[in-house]
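J.: For the sequence shown, counting from 1, position 133 maps to 132 in numbering that gives the first Met the number 0; every step adds exactly one. Ideal Cβ positions, reconstructed from N, Cα and C, are used throughout, including at glycine.
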Amino acid sequence: MKEAYLYKKLASTRVRCNLCSHRCAIEPGDKGICGVRKNVGGTLYSLVYDKVISENVDPIEKKPLFHFLPGTMSLSIATPGCNFKCFFCQNWQISQMPCDYEIIDGREIPPQKIVKDAEAHGCLSISYTYTEPTIFFELALDTSVIARSRKIKNVFVTNGFMTPECLEMIKDYLDAANVDLKSFSESFYRERAGGKLKPVLDNIKIMHELGIWIEVTTLLIPGLNDSTEELGEIASFLSGISPGIPWHISAYFPQYKSDIAPTSAGSITKAMEIGKKAGLKYVYGGNIRIPSCENTYCSRCGKLIMSRSGFSVAENNMDRGCCSGCGTELDGVFS
Ligand code: SF4
0 MKEAYLYKKL ASTRVRCNLC SHRCAIEPGD KGICGVRKNV GGTLYSLVYD KVISENVDPI
60 EKKPLFHFLP GTMSLSIATP GCNFKCFFCQ NWQISQMPCD YEIIDGREIP PQKIVKDAEA
120 HGCLSISYTY TEPTIFFELA LDTSVIARSR KIKNVFVTNG FMTPECLEMI KDYLDAANVD
180 LKSFSESFYR ERAGGKLKPV LDNIKIMHEL GIWIEVTTLL IPGLNDSTEE LGEIASFLSG
240 ISPGIPWHIS AYFPQYKSDI APTSAGSITK AMEIGKKAGL KYVYGGNIRI PSCENTYCSR
300 CGKLIMSRSG FSVAENNMDR GCCSGCGTEL DGVFS
């Protein structure tokens, strides 16, 4: 156990966790909504600092990040737990483990060792991913600080539900994030994910303003978040922040408590068109086989800049971050 960051002691040994936007008030002996932060006698502890459940070397494209050090590998870690309860969660076995099974499994891999593992595998970044990095923030931040000192970049793959204080604490060490924007509806967030939309929208803006490279993913679930109107709202929101924010529209498959039929290729293609019409320069389809839907094209001359196959870059026509045809600079982090 490690004493938690970002909490406040209240009267009668209660505490308030200020790590994510739930801001749980936790009675002595109780845990927060995520099930991995516990009030022990008026002190809040993280129960997952020494519980790494997954450690893999992944292509950065798998996060997905297509405009951040493309073609490189990222050491990817997670602990159990999540602050959301998405009924369609694609990683529910580990994200919901603490709440559904009251188990917090994993092994101790200290921050220094995680960074060493990244170096040993030639990874240019460490991704805090698979579950929600906000709920293992102490491990993520401590690791990020060491990684930065070793010139390794840090990436969050996140639901974007952290507090502004949490972002403030990690901002100097966080290089990139893929933020899940699940819907543009408060009721979807409340009823289907156990969260709220507004903090996510605010954090996407804040991260962009802080200079953290962001890409956004929407898992397209038939009948729930795939209307033309809602997709248009998401695309306009992102385009309003910056047309250079890549938008990944990912196909859903039934998982966890959901039995809705999988997303069709036609639905992904329609969503991609909506994104492009809203002015987004880079719109991708994912988790489905559609020819060219993962390719990057120059937003000015249309030249193929990068073609991707699976999670690898098959062809790269970029010249020092620019289109090799017309010289237009690509949005992203390429060195
Ligand atoms: S991280 Fe979020 S869900 Fe977990 S205890 Fe803190 S405020 Fe509650």
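(1) Which residue's Cα is closest to the Cα of PRO79: PHE183, LYS50 and ILE267?
(2) Would you check if the segment 144 to 161 and the segment 196 to 209 touch, i.e. whether three or more CB-CB distances between them fall below 8 Å?
(3) Out of TYR296, SER75, LEU279 and TRP246, which has the shortest C-alpha to C-alpha gap to GLY285?
(4) Within the present structure, is the beta-carbon of CYS88 separated from the nearest heavy atom of the ligand SF4 by less than 7 Å?
(5) Return the CA-CA distance between GLU190 and LYS170, expressed in angstroms with no decimal places.
(6) Could you tell me how far apart the beta carbons of ILE273 and GLY326 are, in whole angstroms, since I believe they sit closer than 8 Å?
(7) Taking 8 Å as the limit between beta carbons, can you name the residues of its chain near LEU9, skipping five residues before and five after?
(8) Looking at the structure shown, is ASP49 part of a helix, part of a strand, or coil, going by DSSP?
(9) Using the three-state DSSP reduction, which class does LEU123 fall into: helix, strand or coil?
(10) For SER94, count the other beta carbons within 10 Å of its own beta carbon; 16 or more makes it buried, fewer makes it exposed. Which is it?
(11) Which of helix, strand or coil does DSSP assign to LYS280?
(12) In terms of DSSP beta bridges, what is CYS19 paired with?
(13) Under a CB-based cut-off of 8 Å, is LEU200 close to chain D?
(14) Taking C-alpha atoms, which residue in ILE287, ASN294 and SER311 lies nearest to ILE304?
(15) Say the cut is 7 Å; is the CB of ILE32 nearer than that to a heavy atom of the ligand SF4?
(16) Using a threshold of 7 Å, is the CB atom of LEU9 nearer than that to any non-hydrogen atom of the ligand SF4?
(17) With burial defined as no fewer than 16 other Cβ atoms inside 10 Å of the residue's Cβ, what is the status of LYS256: buried or exposed?
(18) Should GLU101 and SER311 be called a contact, given that it needs their Cβ atoms to be closer than 8 Å?
T.: According to the structure shown:
(1) That would be LYS50, whose Cα lies nearest to the Cα of PRO79.
(2) Between the segment 196 to 209 and the segment 144 to 161, the count of Cβ pairs shorter than 8 Å is three or higher; the stretches touch.
(3) Comparing C-alpha distances from GLY285 to each of TYR296, SER75, LEU279 and TRP246 shows the shortest one belongs to TRP246.
(4) For the ligand SF4, not one heavy atom lies less than 7 Å from the Cβ of CYS88.
(5) Rounded to whole angstroms, GLU190 to LYS170 spans 30 Å at the Cα level.
(6) About 29 Å separates the two Cβ atoms, so there is no contact after all.
(7) Only ARG15 and ALA24 meet the Cβ criterion.
(8) Here ASP49 sits in coil by DSSP.
(9) Here LEU123 sits in coil by DSSP.
(10) Answer is buried; the Cβ neighbour count reaches 16.
(11) The answer is coil: DSSP assigns LYS280 none of H, G, I, E or B.
(12) MET161.
(13) You won't find chain D in this structure, because it holds only one protein chain.
(14) Closest in C-alpha terms to ILE304, from the list ILE287, ASN294 and SER311, comes ASN294.
(15) Yes, the Cβ of ILE32 comes within 7 Å of a heavy atom of the ligand SF4.
(16) In terms of side-chain proximity, the C-beta atom of LEU9 is found no nearer than 7 Å to any non-hydrogen atom of the ligand SF4.
(17) It is exposed - the Cβ of LYS256 has fewer than 16 other Cβ atoms within 10 Å.
(18) With respect to the 8 Å criterion, GLU101 and SER311 are not classified as neighbours on the basis of their beta carbons.
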